[in-house]
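Chains as they are written, first to last, in numbering that gives the first Met the number 0: chain Z, 0 to 304; chain S, 0 to 304. Accompanying notes for the structure given below.
Protein chains: 2
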Amino acid sequence: MVSPVVTGPDWIAVDWGTTRLRVWAMQGSEVLDNRSSDKGMGSLTPEGFEPALLELVADWLGDRPVPVIACGMVGARTGWIEAEYRPTPCTPLDPLRATRPLVADPRLQVHILPGLSQIDPPDVLRGEETQIAGFLARNPDFEGTLCLPGTHCKWVRIASGMVEGFHTFMTGEVYALLSRQSVLRLTIGDARPDMDSFLEASAQAATNADMAPAGLFPLRAAALLNGLTAEQGAGRLSGLLIGSELAAARPLWSDRRVVIIGAPELSALYAGALTQAGADAHQMDGGELVLAGLTAAASALTRTT
Amino acid sequence: MVSPVVTGPDWIAVDWGTTRLRVWAMQGSEVLDNRSSDKGMGSLTPEGFEPALLELVADWLGDRPVPVIACGMVGARTGWIEAEYRPTPCTPLDPLRATRPLVADPRLQVHILPGLSQIDPPDVLRGEETQIAGFLARNPDFEGTLCLPGTHCKWVRIASGMVEGFHTFMTGEVYALLSRQSVLRLTIGDARPDMDSFLEASAQAATNADMAPAGLFPLRAAALLNGLTAEQGAGRLSGLLIGSELAAARPLWSDRRVVIIGAPELSALYAGALTQAGADAHQMDGGELVLAGLTAAASALTRTT
């Protein structure tokens, strides 16, 4: 299907992650059109970003310059141009501190939003600050913790509209490496986690952090000796890793409301493990939060420029 | 250099792991010659094992059949032929329970030694039983724990010449995947661990098991924000993983003598972390233990056949 030609968007919203580039043609908060490509940050050199962007948005451009508001790994040190990290505690977004890459096409006014940093323990995030801003635009009075599972899971403490602090866990990436590339690939591979096995293992690991290092190889041995299935192995591995994450993140969820925002299947695992551990946890569809955050940023820029 | 042609070994010793094949021409316990190739189990289909063996030993063979005593992953389910697992507690070796693959060349009498298994927690080992037998042939009165670091680290409780039980940790494989393939590759890669950073992190993780999941991503952030070097990152990652292994393995080392047998550099890390944690730990060169174990097996076979 060919997209209808759209002319004259007020501004363009861009979510530019490691593997995907998504763009929206916007009039205020209204979406006129949207497109995406696989030209993520990870596949581009600095010279490649402007052409990759134009490939998707050129026919939206008229004669006037258009603001382009971008978030995500596009602003990493290995991206288009490094955007700063704003130190927490702070509001999730300050679009006036966006970084402006030099562009050859005069119709593009690109703003790359800053990420967030934390000194102790050292931590950084990029892209999630825009999701958080989108969440707070819709839930301005929220007090509690946001849990954003994915390749890296971000736990973010929110109070009075500010990000107080946050903690990143590499659980998703560790799971992918162990299930597909370690000796456990012979047991697990791409199998989907069995929920009973997941909940049993996450309860064990959430109360005994030794379980995660000690319980990995027994998954292979149990497949060889006891006929553990791939789905049970996937459930136990995921449970051991997420359970030990919950144990280490306990101060972030034990006495406050938690909202889990991420892909539905992975979020359901976190929700199940958190609820089983006694947390006040709620799952939320986060599909549109990035756009809501980019819209809040565009609105702030318009008010001040 | 061309090896001198050796004829008439009494028997042939074979250490056949996942990545390497090593063979020795033996007269009793005397080594006449030795060779190796990269035809490990991982690169062979079942039909490939006999040719890979003959490639190294054919010119050692005369007219008479020669016993070939083999240990290691050659006996895995995905190896030449599956050799059994003997359930612990038991002696490390019982060569009479070796598995005999069918061979086309009548001069080869191949014996693949059994591995060891444990029901609870489920665990298996293959190859290390022969190193353990070699160690016990030289230290028959040893009581304590053997720690065999490597891709997978095996902790083996020894009493009265028997293997009472054992526990496998995937620490080496987890380190390799995280340092070379996760986001931490941008910080660590192939850097060698800084010892001070290693000892600091292993002490933290040995006393607080939450450190290992919580401390991974901060290594990347500390490199971005604080100039953490690759060597410091390698030391901290190794320390977090080995420290959490020590915490989980505490019952295996806290009240007994530990002998660490493995590659010198990795063994030195385990020795440093164990000593710092108060263990009675000793490092030992294990280079010849497999051959000592295979020799003990050959001697037992000769006595009984």
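Even for Gly, the Cβ is constructed at its ideal location relative to N, Cα and C. All values derive from a computational prediction rather than experimental measurement.
For S/Q180, the chain Z residues whose Cβ falls inside 8 Å of its Cβ are L176 and Q180, in order along the chain. Closest in C-alpha terms to S/H281, from the list S/F141, S/V22, S/E127 and S/P66, comes S/F141. Taking a C-beta distance under 7 Å as the contact criterion, S/I111 and S/A82 qualify as a contact pair. S/D122: member of the beta strand (DSSP E) spanning D122 to L124, first to last residue. According to the DSSP assignment, S/E49 belongs to the alpha helix (DSSP H) that extends over F48 to V56. Look at Z/N225 here: in three-state DSSP terms it is helix. S/A280: member of the beta strand (DSSP E) spanning D279 to M283, first to last residue. Put simply, the CB of Z/E127 is far from chain S, with every gap to its CB atoms at 7 Å or more.
Boundaries of the beta strand (DSSP E) harbouring S/E163: M161 to F168, taken from the DSSP string. Under the Cβ distance rule, Z/E172 counts among the residues neighbouring chain S, one pair being separated by less than 7 Å. Ranked by how close their Cα comes to the Cα of Z/P100, the residues Z/I80, Z/L115 and Z/I260 have Z/I80 in first place. Per DSSP, reduced to three states, the secondary structure at S/S243 is helical.
Looking at the backbone, the Cα of S/R302 and that of S/A270 are separated by about 39 Å.
Between S/Q117 and the set S/A103, S/A97, S/C89 and S/G160, the nearest pair of CA atoms involves S/C89. Against chain Z, the CB of S/E244 has a partner CB under 7 Å away; the residue lies at that interface. At least one beta carbon of chain S lies nearer than 7 Å to the beta carbon of Z/T167.
Taking 7 Å as the cut-off, the Cβ atoms of S/I187 and S/A262 do not count as close. Among the residues facing chain S, Z/L273 is not included, as its CB has no counterpart in that chain under 7 Å away. Shortest Cα-Cα distance from Z/L43 to any of Z/V65, Z/P148 and Z/M72 involves Z/M72.
Inclusion of Z/Q108 and Z/P64 in the CB contact set at 7 Å is warranted, their separation being smaller than that value. Annotation for S/A12: the continuous beta strand (DSSP E) segment containing it runs W10 to W15. Note on geometry: alpha-carbon atoms of S/S36 and S/D58 lie some 15 Å from one another. In this structure, S/T87 keeps its C-beta atom at 7 Å or more from the C-beta atom of S/L251.
In this structure, the alpha-carbon of S/P50 lies about 19 Å from that of S/D32. Z/N225 reaches chain S at I118 and P121, counting residues in chain order whose Cβ is nearer than 9 Å. Pairwise C-beta distances place the stretch 144-153 of chain Z in contact with the stretch 253-262 of chain Z, as three or more of them are shorter than 8 Å.
For S/T98, the beta-bridge partners assigned by DSSP are S/I111. The residues G171 and G261, in chain order, have a CB closer than 6 Å to that of Z/G149 in the same chain once the five nearest residues on each side in sequence are set aside.
Note that the C-beta distance between S/A299 and S/A136 is not below 7 Å. Contacts between S/A221 and chain Z, judged by CB atoms closer than 7 Å, involve P121 in chain order. A distance below 7 Å separates the beta carbons of Z/G39 and Z/T17. Not flagged as an interface residue toward chain Z: S/L145, since no C-beta distance is shorter than 7 Å. One finds nothing in chain S with a Cβ atom closer than 7 Å to the Cβ of Z/P250; even the nearest lies about 10 Å away. DSSP places Z/A200 outside any beta strand (DSSP E); the residue lies instead in the alpha helix (DSSP H), whose first and last residues are M194 to T206. The closest CA to that of Z/A272, considering only Z/P217, Z/A200 and Z/P8, is found on Z/A200. Looking at S/P121, S/R235, S/A220 and S/S237, the one whose alpha-carbon comes closest to that of Z/D119 is S/A220.
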